[in-house]
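Residue numbers for the sequence shown follow the numbering used here, so the first one is 16 and each next one is one higher. Beta carbons: idealized from backbone N, C-alpha and C, even for Gly. Note that the coordinates shown come from a computational prediction; the quantities given were computed from them, not determined experimentally.
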Amino acid sequence: MPAVSEFTKTKIVTLHQRGMSYGQISTNLGLSKGTIHATMRKWEHTGTVVRRPSSGRRRVSSVEQNEAVINIVQNRPLTLR
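Below, the structure is given as structure tokens:
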């Protein structure tokens, strides 16, 4: 499932501040109550809905390179030495 956009998260916060319940927001936006709850929890703890930069090393290979490697491995006949 794709990540919820910053715009949608802002809509969640705005709708909740206008008095809508998590269930009503969930139905209105077509998202799970868990997503609504997680977004509101983040808003209450940090005051923002923007994702923090992730830690760790960035990927070196591109999606195209990964797919090429997978194709090579899948299409290669097994050999025994």
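Around the CB of Leu93, fewer than 16 other CB atoms lie within 10 Å, so the residue is classed as exposed.
His60 has its alpha-carbon roughly 19 Å from the corresponding atom of Ser36. Judged by DSSP in its simplified three-state form, Thr63 adopts coil rather than helix or strand. Membership of Leu30 in the alpha helix (DSSP H) is indicated by the continuous run Glu21 to Gln32. Counting along the chain, no alpha helix (DSSP H) covers Ser76, and no H or E run does either. The C-alpha of Gly34 is placed about 45 Å away from the C-alpha of Val75.
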